[in-house]
């Protein structure tokens with residue numbers, strides 16, 4: 011059985027929500043909520059937090075979590091996961107976003123299975139069916155175009171594909187199955203060790219989407235379709251939404 015490690019990259023600085031990993035969510039920090047949800051996934055051998063901040067590291071150790079310190083010069087969450095791949099023995103690494111405290115453990119397992127079931131997949135991720143015209147035209151919602159074999163052809167903040175025969179864009183969902191990206195990544199160790207050496211790509215710079223670096227350098231991202239959704243916490247309104255969900259579950 012493959013050894014699968016989930017890595018939760020966590021940084022203290024955030025333009026919109028300073029100290030985001032340590033925000034209190036009904037008595038537990040954001041990072042603790044994410045860690046506990048990830049730990050419930052059945053296909054994971056280990057869960058670790060990767061951070062360059064002593065305050066986050068102390069908080070993780072206080073609730074009994076495992077943390078590994080990384081350099082403060084690392085440029086992205088995926089690069090931080092790659093740093094962990096250099097020191098931890100595992101076959102597969104999962105990048106679990108540190109700002110999704112309600113992530114379903116089953117979603118993590120679904121993403122892992124995408125790579126486990128396809129020996130040729132360098133990277134795996136998930137998408138969810140888009141059913142809202144507002145989301146379709148929202149540049150913050152990343153759209154994904156898939157091949158017949160469910161490999162990612164492109165990720166974009168724009169609406170792709172363009173429905174040429176329908177002038178009313180509010181009706182485009184009636185003409186095509188659109189998908190939104192769910193930001194969880196699963197990497198084979200062999201690819202992940204190469205990732206930091208990949209140069210930033212032109213498409214990545216244009217869209218500000220780091221996954222385009224992978225495609226533009228010729229690697230394949232295999233995609234699974236999920237029914238699960240989660241809230242990414244970027245604003246105080248998101249914090250309030252998460253707290254309301256947690257209250258409804260308690």
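Numbering (my numbering), first residue to last: 11 to 260. In this text, a Cβ means the ideal position worked out from N, Cα and C, and glycines have one as well.
Beta-ladder partner(s) of residue i, from DSSP
i, result
"residue 38", "35"
"residue 232", "134, 161"
"residue 195", "105, 135"
"residue 56", "15"
"residue 24", "Beta-bridge pairing links residue 24 to no other residue."
"residue 166", "153"
Contact check, residue i vs residue j, beta carbons under 8 Å
i, j, result
"residue 227", "residue 135", "no"
"residue 243", "residue 109", "yes"
"residue 133", "residue 229", "yes"
"residue 199", "residue 100", "yes"
"residue 81", "residue 62", "yes"
"residue 162", "residue 225", "yes"
"residue 58", "residue 84", "no"
"residue 223", "residue 208", "yes"
"residue 33", "residue 249", "yes"
"residue 17", "residue 69", "no"
"residue 169", "residue 147", "yes"
"residue 203", "residue 96", "yes"
"residue 121", "residue 44", "no"
"residue 205", "residue 130", "no"
"residue 141", "residue 183", "yes"
"residue 151", "residue 137", "no"
Local conformation of residue i per DSSP, three classes
i, result
"residue 190", "strand"
"residue 255", "helix"
"residue 19", "strand"
"residue 173", "coil"
"residue 237", "coil"
"residue 260", "coil"
"residue 209", "coil"
"residue 244", "coil"
"residue 183", "helix"
"residue 249", "helix"
"residue 30", "helix"
"residue 218", "coil"
"residue 91", "helix"
Environment of residue i [buried if 16+ CB atoms lie within 10 Å]
i, result
"residue 105", "buried"
"residue 176", "exposed"
"residue 37", "exposed"
"residue 11", "exposed"
"residue 42", "buried"
"residue 157", "exposed"
"residue 19", "buried"
"residue 254", "exposed"
"residue 257", "exposed"
"residue 103", "buried"
"residue 165", "buried"
"residue 236", "buried"
"residue 180", "exposed"
"residue 139", "exposed"
"residue 149", "exposed"
"residue 52", "exposed"
Residue i CB to nearest heavy atom of the ligand NAD below 7 Å
i, result
"residue 78", "Of the ligands one can find in the structure shown there are none, so the ligand NAD has no counterpart to examine."
List in chain order: all unbroken beta strand (DSSP E) runs of 3+ residues lying wholly within the segment 101–155. 102–105, 133–139
At 3 residues or longer, and completely inside the segment 62–89: list those beta strand (DSSP E) runs for me, N to C. 77–79
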